[in-house]
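S.K.: So that we are looking at the same thing, I have put the structure below in structure tokens.
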């Protein structure tokens with residue numbers, strides 16, 4: 001039943017997301033006992049213009 | 101004032117979202133008394149590669 | 201598989217949440233065809249000091 | 301360390317997001333003391349068909 | 401209509417939240433033109449045991 | 501820089517959350533290359549009355 005929302009910079013491959021989703025599902029099952037089939041993992045693919053750390057957009061940061 | 105975020109697999113039509121948003125707004129009004137004009141419903145349209153249940157991506161699941 | 205997060209002012213009864221969760225689950229099933237058992241509804245119960253509309257906290261607004 | 305998710309109607313320019321992210325980061329630093337470099341601001345760009353207020357989609361509302 | 405979710409470590413005062421909510425609402429209005437009364441800011445007050453940066457819980461980090 | 505929100509039924513121990521946060525941070529680092537210190541994991545501890553699957557509240561389900 002656990003629900004996990006992962007916000008990542010856009011551009012991660014399907015294989016990367018698959019591997020991360022498997023690990024998260026496995027980890028929650030292992031440590032909390034929640035059945036794997038009940039865990040949902042949702043990725044939000046965020047554009048570099050839509051993500052700021054320390055007040056600087058990722059797309060500007062990458063330029064430096 | 102209630103805020104509702106709905107994550108759905110990408111591809112639902114405008115009509116489907118409209119009908120769901122109306123029902124959610126009506127239901128919250130009916131059961132909690134919150135005025136309808138104060139309720140916000142936001143849909144997040146998620147790609148099949150960005151959604152996993154039980155550790156399996158939706159896009160892989162659909163293939164089976 | 202749809203996931204719904206509902207943010208409400210703290211204090212709604214269990215019965216209110218139950219009725220809203222049933223309506224949302226039914227509506228998504230009816231309009232999108234998603235099986236009811238796959239829909240998750242999560243309520244976030246927000247304190248009146250932690251919610252602002254138009255820059256005014258709910259707890260200050262209620263006083264007026 | 302604070303994390304801020306901002307849902308906006310799609311179409312805001314990079315400059316608008318940059319200015320809002322800077323202001324939010326500055327404000328949280330000023331009022332709570334959190335170091336600026338630890339604050340993350342993520343914008344979710346929502347389509348007009350995926351946003352409803354008072355049960356009416358933004359894309360229908362704009363037409364009136 | 402913009403919706404802002406702010407996750408902060410539990411313990412910020414009402415005055416801190418009020419000031420941050422006012423600044424965010426003002427900034428979004430100034431830079432995007434959205435009317436102030438349409439902006440919602442929701443704070444999620446997170447326990448130190450429920451927040452990790454770099455794999456370390458905030459409550460463990462504070463001890464060092 | 502990745503941000504992960506995990507919604508779990510209230511009552512998981514600090515040790516469980518710590519182990520899950522470490523695994524998620526490690527997995528994202530391993531598969532996407534994101535530096536570990538940039539990953540934030542936030543747990544939302546949800547009451548059994550505030551979580552529904554298939555239209556049934558967790559607190560009612562547990563009784564059966």
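Protein chains in written order, with the working numbering: chain A, 1 to 64; chain W, 101 to 164; chain H, 201 to 264; chain P, 301 to 364; chain B, 401 to 464; chain S, 501 to 564.
Every residue gets a Cβ at the ideal spot worked out from N, C-alpha and C, and that includes glycine.
Hey, is residue 435 (chain B)'s beta-carbon within less than 8 Å of any beta-carbon in chain P?
M.R.: Taking the fifth chain and counting its residues from 1, one reaches residue 435 (chain B) at position 35. No - not a single Cβ of chain P is within 8 Å of the one on residue 435 (chain B).
S.K.: Hey, quick one: how far does the beta strand (DSSP E) through residue 319 (chain P) stretch, first residue to last?
M.R.: Translated into the one-based positions of the fourth chain, residue 319 (chain P) becomes position 19. Not the beta strand (DSSP E): residue 319 (chain P) falls in the alpha helix (DSSP H), residues 314–332.
S.K.: So is residue 172 (chain W) buried or exposed if we call it buried at 16+ other beta carbons inside 10 Å?
M.R.: Outside the displayed span of chain W (101 to 164) sits residue 172 (chain W), for which this structure offers no information.
S.K.: Going by Cα to Cα distance, which pick from P:339, P:303, P:315 is closest to residue 60 (chain A)?
M.R.: To locate residue 60 (chain A), count along the first chain from 1; it is residue 60. For the residues P:339, P:303, P:315, the minimum Cα distance to residue 60 (chain A) belongs to P:315.
S.K.: Does the region 25–43 of chain A touch the region 112–131 of chain W, meaning 3 or more C-beta pairs lie closer than 8 Å?
M.R.: No, the region 112–131 of chain W is not in contact with the region 25–43 of chain A.
S.K.: Does chain W have any CB closer than 8 Å to the CB of residue 208 (chain H)?
M.R.: Taking the third chain and counting its residues from 1, one reaches residue 208 (chain H) at position 8. It does; some Cβ of chain W falls within 8 Å.
S.K.: With residue 307 (chain P) as the anchor, note down where its beta strand (DSSP E) starts and where it stops.
M.R.: As a working note, residue 307 (chain P) is residue 7 in the fourth chain. Segment 303–309, the beta strand (DSSP E) holding residue 307 (chain P).
S.K.: Of all the alpha helix (DSSP H) runs that stay within the bounds of the region 135–164 of chain W, which reach a length of 4 or more residues?
M.R.: Here the runs fully enclosed are 158–161.
S.K.: Chain B partners of residue 323 (chain P), CB-CB under 9 Å?
M.R.: As a first step, residue 323 (chain P) must be located in the fourth chain, where it is residue number 23. Within chain B, the residues near residue 323 (chain P) are 423, 424, 426, 427, 428, 430, 431.
S.K.: Would you decide whether residue 235 (chain H) is buried or exposed? Buried here means 16 or more other CB atoms lie within 10 Å of its CB.
M.R.: Within the third chain, numbered from 1, the residue matching residue 235 (chain H) stands at position 35. Label assigned to residue 235 (chain H): exposed.
S.K.: Does the beta carbon of residue 145 (chain W) sit closer than 8 Å to a beta carbon anywhere in chain A?
M.R.: Taking the second chain and counting its residues from 1, one reaches residue 145 (chain W) at position 45. Taking Cβ atoms only, chain A never reaches closer than 8 Å to residue 145 (chain W), which makes this a no.
S.K.: Would you call residue 307 (chain P) buried or exposed, if buried means 16 or more other Cβ atoms sit within 10 Å of its Cβ?
M.R.: Residue numbering aside, residue 307 (chain P) sits at position 7 when the fourth chain is read from its first letter. So residue 307 (chain P) counts as buried.
S.K.: Are the beta-carbon atoms belonging to residue 152 (chain W) and residue 52 (chain A) less than 8 Å from one another?
M.R.: Within the second chain, the letter at position 52 stands for residue 152 (chain W). Within the first chain, the letter at position 52 stands for residue 52 (chain A). For residue 152 (chain W) and residue 52 (chain A), no; Cβs fall outside 8 Å.
S.K.: Identify which residue in B:429, B:424, B:433 has its Cα closest to the Cα of residue 330 (chain P).
M.R.: The count along the fourth chain starts at 1 and reaches residue 330 (chain P) at position 30. Of the candidates B:429, B:424, B:433, the one whose C-alpha sits nearest the C-alpha of residue 330 (chain P) is B:424.
S.K.: Take the Cβ of residue 513 (chain S) as the centre, count every other Cβ of all protein chains shown within 10 Å, and call the residue buried at 16 or more, exposed below.
M.R.: For the purposes of this step, residue 513 (chain S) is identified with residue 13 of the sixth chain, where counting begins at 1. Residue 513 (chain S) comes out exposed.
S.K.: Taking its Cβ as the centre, do 16 or more other Cβ atoms sit within 10 Å of residue 55 (chain A), making it buried, or is it exposed?
M.R.: For the purposes of this step, residue 55 (chain A) is identified with residue 55 of the first chain, where counting begins at 1. Buried.
S.K.: So that I know if they touch, is there some Cβ in chain P lying closer than 8 Å to that of residue 19 (chain A)?
M.R.: Counting from one through the first chain, the residue named residue 19 (chain A) turns up at place 19. It does not; no Cβ of chain P falls within 8 Å.
S.K.: Between the alpha carbons of residue 39 (chain A) and residue 350 (chain P), how many angstroms are there, rounded?
M.R.: Along the first chain, read from residue 1 onward, the residue named residue 39 (chain A) stands at position 39. Along the fourth chain, read from residue 1 onward, the residue named residue 350 (chain P) stands at position 50. So the alpha carbons of these two residues sit roughly 25 Å apart.
S.K.: Give the straight-line distance between the Cα atoms of residue 58 (chain A) and residue 157 (chain W), rounded to the nearest whole angstrom.
M.R.: For the purposes of this step, residue 58 (chain A) is taken as the residue at position 58 of the first chain. For the purposes of this step, residue 157 (chain W) is taken as the residue at position 57 of the second chain. When rounded, the distance between both Cα atoms is 27 Å.
S.K.: Listing by chain order, which chain P residues have their CB less than 8 Å from the CB of residue 540 (chain S)?
M.R.: On the sixth chain, residue 540 (chain S) is found 40 positions in, with the first residue counted as 1. Within chain P, the residues near residue 540 (chain S) are 301, 303, 340.
S.K.: Considering Cα atoms alone, identify which of W:102, W:109, W:101, W:104 is closest to residue 201 (chain H).
M.R.: Counting from 1 along the third chain, the entry for residue 201 (chain H) is found at position 1. Residue W:109 is the option with its Cα nearest to residue 201 (chain H).
S.K.: Residue 328 (chain P) to residue 426 (chain B), Cα distance in whole Å?
M.R.: Within the fourth chain, the letter at position 28 stands for residue 328 (chain P). Within the fifth chain, the letter at position 26 stands for residue 426 (chain B). Spanning the two alpha carbons is a distance of roughly 14 Å.
S.K.: Between residue 504 (chain S) and residue 4 (chain A), which are expected to be in contact by the criterion C-beta below 8 Å, what is the C-beta distance as a whole number of angstroms?
M.R.: Here residue 504 (chain S) corresponds to residue number 4 of the sixth chain, with the count starting at 1. Here residue 4 (chain A) corresponds to residue number 4 of the first chain, with the count starting at 1. So it is a contact: roughly 6 Å between Cβ atoms.
S.K.: Measure the C-alpha to C-alpha separation of residue 332 (chain P) and residue 232 (chain H) and round it to an integer number of angstroms.
M.R.: Looking up residue 332 (chain P) in the fourth chain gives position 32. Looking up residue 232 (chain H) in the third chain gives position 32. Rounded to the nearest angstrom, the two C-alpha atoms are 44 Å apart.
S.K.: Residue 254 (chain H) touches chain B at which residues, Cβ-Cβ below 8 Å?
M.R.: Within the third chain, residue 254 (chain H) is the residue found at index 54, counting from 1. Near residue 254 (chain H) (Cβ distances below 8 Å), the residues of chain B are 425, 436, 437, 438, 439.
S.K.: Rounded to whole angstroms, what's the CA-CA distance from residue 481 (chain S) to residue 447 (chain B)? Just pull it up for me.
M.R.: Outside the displayed span of chain S (501 to 564) sits residue 481 (chain S), for which this structure offers no information.
S.K.: So that I know if they touch, is there some Cβ in chain W lying closer than 8 Å to that of residue 313 (chain P)?
M.R.: Numbered from its first residue, the fourth chain carries residue 313 (chain P) at position 13. Not closer than 8 Å to any Cβ of chain W, the Cβ of residue 313 (chain P) fails to qualify, so no.
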